[in-house]
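Chemist:
Chains as they are written, first to last, in this note's numbering: chain A, 1 to 662; chain B, 663 to 1145.
#1: According to DSSP, simplified to helix, strand and coil, what is residue 732 of chain B?
#2: Compute the Euclidean distance between the alpha carbons of residue 221 of chain A and residue 177 of chain A, then round it to the nearest angstrom.
#3: Can you tell me which of B/726, B/727, B/734 and B/730 puts its alpha carbon nearest to the alpha carbon of residue 718 of chain B?
#4: Buried or exposed: which applies to residue 582 of chain A, given that a residue is buried once 16 or more other Cβ atoms fall within 10 Å of its Cβ?
#5: Determine the burial state of residue 12 of chain A: buried for a count of at least 16 other Cβ atoms within 10 Å of its Cβ, exposed for fewer.
#6: Just the Cα atoms here: how many angstroms apart are residue 936 of chain B and residue 1104 of chain B?
#7: In the DSSP assignment, the alpha helix (DSSP H) including residue 65 of chain A goes from what residue to what residue?
#8: State yes or no: is the beta carbon of residue 1129 of chain B nearer than 8 Å to at least one beta carbon in chain A?
#9: When you compare the CB of residue 69 of chain A with every CB in chain B, is at least one pair closer than 8 Å?
#10: Does any residue of chain B bring its CB to less than 8 Å from the CB of residue 630 of chain A?
#11: For residue 76 of chain A, does the three-state DSSP call read helix, strand or coil?
#12: In whole angstroms, what separates the C-alpha of residue 227 of chain A from that of residue 190 of chain A?
#13: Could you tell me which of B/1001, B/818 and B/843 sits nearest to residue 928 of chain B, measuring between CA atoms?
#14: Would you mind reading off the limits of the alpha helix (DSSP H) that contains residue 255 of chain A?
#15: With distances taken Cα to Cα, identify the nearest neighbour of residue 540 of chain A among A/614, A/394 and A/174.
#16: Since residue 823 of chain B contacts residue 637 of chain A with CB under 8 Å, what's their CB separation in whole angstroms?
#17: For the alpha helix (DSSP H) that contains residue 235 of chain A, what are its first and last residues?
#18: Does the beta-carbon of residue 589 of chain A have 16 or more other beta-carbons within 10 angstroms, so that it is buried, or is it exposed?
#19: Could you have a look at residue 959 of chain B and say whether DSSP puts it in helix, strand or coil?
#20: As a quick exercise: from A/24, A/56 and A/137, pick the residue whose alpha carbon is nearest that of residue 114 of chain A.
#21: What span of residues does the alpha helix (DSSP H) with residue 1076 of chain B cover, start to end?
#22: Kindly indicate which residue of A/269, A/367 and A/276 has the alpha-carbon position closest to the one of residue 449 of chain A.
#23: With distance defined between alpha-carbon atoms, name the residue in A/170, A/464 and A/574 nearest to residue 383 of chain A.
#24: Can you give the Cα-Cα distance for residue 214 of chain A and residue 192 of chain A, rounded to whole angstroms?
#25: Is the segment 1018-1038 of chain B touching the segment 1080-1099 of chain B, taking contact as three or more C-beta pairs under 8 Å?
#26: Take the Cβ of residue 19 of chain A as the centre, count every other Cβ of all protein chains shown within 10 Å, and call the residue buried at 16 or more, exposed below.
#27: Using the beta-carbon of each residue, which ones in chain B are nearer than 9 Å to residue 614 of chain A?
#28: What residue ranges within the segment 933-1017 of chain B form continuous alpha helix (DSSP H) runs of no fewer than 4 residues, ordered along the chain?
#29: Can you list the alpha helix (DSSP H) stretches of 4 or more residues lying completely in the segment 312-375 of chain A, in chain order?
#30: Taking contact to mean 3 or more Cβ pairs, one atom from each stretch, closer than 8 Å, check whether the segment 684-698 of chain B and the segment 800-807 of chain B are in contact.
#31: What residue range is occupied by the uninterrupted alpha helix (DSSP H) comprising residue 768 of chain B?
#32: Looking at residue 990 of chain B and residue 975 of chain B, is the spacing between their C-beta atoms short of 8 Å?
#33: Whole angstroms are fine: how far does the CA of residue 716 of chain B sit from the CA of residue 671 of chain B?
#34: For residue 1107 of chain B, which three-state DSSP category applies?
#35: When you compare only the Cα positions, how much space is there between residue 712 of chain B and residue 925 of chain B?
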């Protein structure tokens, strides 16, 4: 049964080939069927494999399928191979599942677009690459997927490339990601060579992780930090997050799929996949956690002042990714992945909801021109509202369980710290605030919609609303796979992932043990104390979320003039946040302009003169030699025979000399 | 007297090729003159396929026979597979081309089969007489094939030049063989090596001269500098399908014999021939690539390109290690696909009485014949060594073999040469896509057989670039026992 794993990426690949090469010939209708069903089949296959996997005892939940030898060069050997374990299958389920619904949604959303066929070709290609990323059994194939999704992201951000802003955003995403990818590559190289020093030339996950203990801490720290730079690029963390808000230039389902639910979480997946390495490098883990939590609060604050509904969601995504990194950074890999999953549901839904709002308002994005849409587009409203409750961390919804798990781990894990918890908890409150701000501005209050748009506001067609409803259901129930023990749950997801990420590594469990021992010594009551503490923390985080919601209510429902007053009162601060802390401008000055100047200088000075001069000089020289040598070719057989004789004579003389002198 | 042991299964592929050669001749004689001769091509294809299926079961057996004159070891069989692929594609492209040019006689196909037979003997010969017979069987067939376009002066000139110089080179080769026999008293390759080792003949002047003469003889067949001068003239004048056959098949067979003789009979002289081959390799790459730049005829350009490729292959020959020799096998097969493909494109761009072989004729065809131009681009890029195509992996193996044996300069010169070659390969691509057509080329006819050849060549080129491991491991298994 596991043998069919290759079908999972194969279906989207076939979809891509059919849509990409023959889409025009097949026609729009066929493309509308091929695109989503390719993903649907991949989803079904993943489900089958998942249930097959569940039948096995946890320790045997691992399967590798080598498709073929890829590179064989001397002692280096790598394969195209897929691996199934709890982590990869969970990722595959999330990717194919969410993609499937978003593909269906796209059939409605993109229907009028002239690039409809191209769109589905790209989207299928994306899923194919993403599946390679998560199912790969070695770093190299993972990197292929990693680069592949980057390419698709570029293509889809710049989907409407006639618009300058879209093609620029595509370029920006690509360039910023290159910076991160460079780190990833270096990390991979370092890993490869340092294991090679021990005679192990491999990039295979299983072999690498089995032999990781041969590496010293400094090397592992360097490797993991370099890999994390890659994750920062792909998953939009400080300092490489700047591309993601601009990426909203792409079609909204793309933002939903690539820039919220799947691709941007690749970094989190990568860290979780490499948990063996990270657990060996406490410094790297601390860096991951700190960058994560800093990103979470920093971008949440930017979310306060954005008026573009997609931009709010974009910053929210970055902030939530920060949470996931906080989770994996404190060693709570399963909590990070859990949040990744629930986030895929509710954030995917939020974006699709935003798309539905845009659909209703003829493409309007500015929340200042919305309002009171609750009654007019009820399905969109209710689903959007459910997702907002989930992300805000309202008890009972998926986001509550996953976020709370991370918060608790940030506090209690041996790698955690009170400050990490505090910052994350505050950021959670801010999340609740800006998300409810978005809901209130969009769906409540008075209508500020342009009059000529207002009269044809309509709910989206069913092909769009059904995915919304399904994702809303998932946003509610998705958390029940990870209900913590303290609430009487079984935390299935944690146990499910444990063979890959938890308890496998001796150092960590040792640390955890000592922590428990400490709690024992100080508290006197075993377990119960810590459970009480966990409950208390939970209550605090819920209260913080409610405070956030309360403020949002106060500002945007109760007293809508208040935000304006505050903005005028703290004009400087407001402008700072409104302009996203001028990070883009600072980067522009620091990196873009100076690099551009350097580039222009090198181009005019070095390239034009030195390089081109040399190259053209050599080319002219070779051309000249060539035309001279060409004349040797007289066409006369005598000359040709003569050349053979001369050649033979030279060889003879050479031999003679060699014989004499050696 | 003990009769020599005869195992006909060992030479089954050769027997089949011979039989089908005669069958084609007979079929031609007994069919009405006016009839179209397409079925002769199909008959030859069948012969090749049958020979192929008799070659496959021999793989892995490693048997030899005929009193040490003939072997069916992995090396020979890999090359035979290559030759059969080359012959298959050559016949496919001939079916349209020969018809168009009015040379689709029975002997045309028969000679291709006989020539392939000669190649097989060269690969399988473990005795200098077998090898020599194979070489002459191949060469004589090719001399005739080169002059097939009897009405065309250049074709006749090409055949005559090739024949004269070929005879000249054969003289050297025979003389070399004779000297070898004189010095060692044997023509069997292994026996020669044993004798040289036992008597310590490393400073024997007869052997020295013999080595040089053998180098000339084989160097001529593989078109290495300075024994290459015939190549551009002959390649340009010969029918294009035969040019393709020569550039791939004859060259591969030349390498087969060269490797077999030098590695089996003369391993003691390795330091000597390594240093000569170093020089020849560098000269061959450099002259081939540099002169290719200033060519205006695509067939001449590809001729020089084929000289350059011989130089790259010699890099691995100099390295002489496992990776090198298996790399040569890989290279010869990859080169067969891409070069045959490129010549197929050259043929397809021509029509009766209008060959269109000037490089400028390729201007702008990218828009008029997009698939043809795209295929040509693939083959040219592969020859330039651009991933993910077969030519790239071939170069990787060849150069890494040199690096492994610490021939750093050779590898560097090889890579630099590769860089130079990109210029003339890309020039054609640039013309195809970025220049306006200089004159109208219309009315091209794509015969189904040539299109099939093109598809096979494309698949081969991509396959060897994307999944090199399969062919390489086959090649690696094939050279076991040779070294």
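Positions of the beta carbon are idealized from the N, C-alpha and C atoms, including for glycine.
Modeler: Answer, in terms of the structure:
#1: Counted from its first residue, the second chain places residue 732 of chain B at position 70. Three-state DSSP puts residue 732 of chain B in a strand.
#2: The residue labelled residue 221 of chain A in the question sits at position 221 within the first chain. The residue labelled residue 177 of chain A in the question sits at position 177 within the first chain. Rounded to the nearest angstrom, the two C-alpha atoms are 22 Å apart.
#3: If you number the second chain from 1, residue 718 of chain B lands on position 56. Among B/726, B/727, B/734 and B/730, the Cα nearest to that of residue 718 of chain B belongs to B/734.
#4: Along the first chain, one-based indexing puts residue 582 of chain A at 582. Per the 10 Å Cβ criterion, exposed.
#5: Translated into the one-based positions of the first chain, residue 12 of chain A becomes position 12. Classification for residue 12 of chain A: buried.
#6: Locating residue 936 of chain B in the second chain gives position 274, where the first residue counts as 1. Locating residue 1104 of chain B in the second chain gives position 442, where the first residue counts as 1. Their backbone Cα atoms lie some 51 Å apart in a straight line.
#7: Start at 1 with the first residue of the first chain, and residue 65 of chain A comes out as number 65. No alpha helix (DSSP H) holds residue 65 of chain A; the beta strand (DSSP E) holding it covers 63-73.
#8: Taking the second chain and counting its residues from 1, the one referred to as residue 1129 of chain B is at position 467. Answer yes: the Cβ-Cβ gap between residue 1129 of chain B and chain A drops below 8 Å somewhere.
#9: Here residue 69 of chain A refers to the residue found at position 69 when the first chain is read from its first residue. True, the Cβ-Cβ gap to chain B drops below 8 Å.
#10: The count along the first chain starts at 1 and reaches residue 630 of chain A at position 630. It does; some Cβ of chain B falls within 8 Å.
#11: Mapped onto the first chain, residue 76 of chain A falls at position 76. Residue 76 of chain A falls in the strand class under three-state DSSP.
#12: If you number the first chain from 1, residue 227 of chain A lands on position 227. If you number the first chain from 1, residue 190 of chain A lands on position 190. Between residue 227 of chain A and residue 190 of chain A, the C-alpha separation is close to 10 Å.
#13: To locate residue 928 of chain B, count along the second chain from 1; it is residue 266. Here the closest residue by C-alpha is B/843.
#14: Within the first chain, the letter at position 255 stands for residue 255 of chain A. Per DSSP, residue 255 of chain A belongs to the alpha helix (DSSP H) from 252-256.
#15: To locate residue 540 of chain A, count along the first chain from 1; it is residue 540. Nearest option by C-alpha distance: A/394.
#16: What you label residue 823 of chain B is simply residue 161 of the second chain in a count that begins at 1. What you label residue 637 of chain A is simply residue 637 of the first chain in a count that begins at 1. That pair is a contact at about 5 Å.
#17: Translated into the one-based positions of the first chain, residue 235 of chain A becomes position 235. Unbroken run through residue 235 of chain A: none, as it is neither H nor E.
#18: In the first chain, residue 589 of chain A corresponds to position 589, counting from 1. Exposed: under 16 other Cβ atoms inside 10 Å.
#19: Working through the second chain from its first residue, we reach residue 959 of chain B at position 297. Of the three classes helix, strand and coil, the one that applies to residue 959 of chain B here is strand, per DSSP.
#20: By one-based count along the first chain, residue 114 of chain A stands at place 114. The option with the nearest alpha carbon to residue 114 of chain A is A/24.
#21: As a working note, residue 1076 of chain B is residue 414 in the second chain. Element bounds for residue 1076 of chain B: 1070-1096.
#22: The residue you call residue 449 of chain A lines up with position 449 of the first chain. The shortest Cα separation from residue 449 of chain A among A/269, A/367 and A/276 belongs to A/367.
#23: As a position in the first chain, residue 383 of chain A is number 383, starting the count at 1. Checking every option, the nearest Cα to that of residue 383 of chain A belongs to A/464.
#24: Here residue 214 of chain A refers to the residue found at position 214 when the first chain is read from its first residue. Here residue 192 of chain A refers to the residue found at position 192 when the first chain is read from its first residue. When rounded, the distance between both Cα atoms is 13 Å.
#25: yes
#26: Numbered from 1 along the first chain, position 19 holds the residue referred to as residue 19 of chain A. Answer is buried; the Cβ neighbour count reaches 16.
#27: Numbered from 1 along the first chain, position 614 holds the residue referred to as residue 614 of chain A. Chain B residues near residue 614 of chain A: none, gap ~13 Å exceeds 9 Å.
#28: 960-981 and 984-1010
#29: 333-360
#30: no
#31: In the second chain, the residue the question calls residue 768 of chain B occupies position 106. Run containing residue 768 of chain B: 768-786, per the alpha helix (DSSP H) assignment.
#32: Counting from one through the second chain, the residue named residue 975 of chain B turns up at place 313. Counting from one through the second chain, the residue named residue 990 of chain B turns up at place 328. Cβ atoms of residue 975 of chain B and residue 990 of chain B: closer than 8 Å.
#33: Counted from its first residue, the second chain places residue 671 of chain B at position 9. Counted from its first residue, the second chain places residue 716 of chain B at position 54. Their backbone Cα atoms lie some 8 Å apart in a straight line.
#34: Mapped onto the second chain, residue 1107 of chain B falls at position 445. Residue state, collapsed to three classes: coil.
#35: The count along the second chain starts at 1 and reaches residue 712 of chain B at position 50. The count along the second chain starts at 1 and reaches residue 925 of chain B at position 263. Computed Cα separation, rounded: 31 Å.
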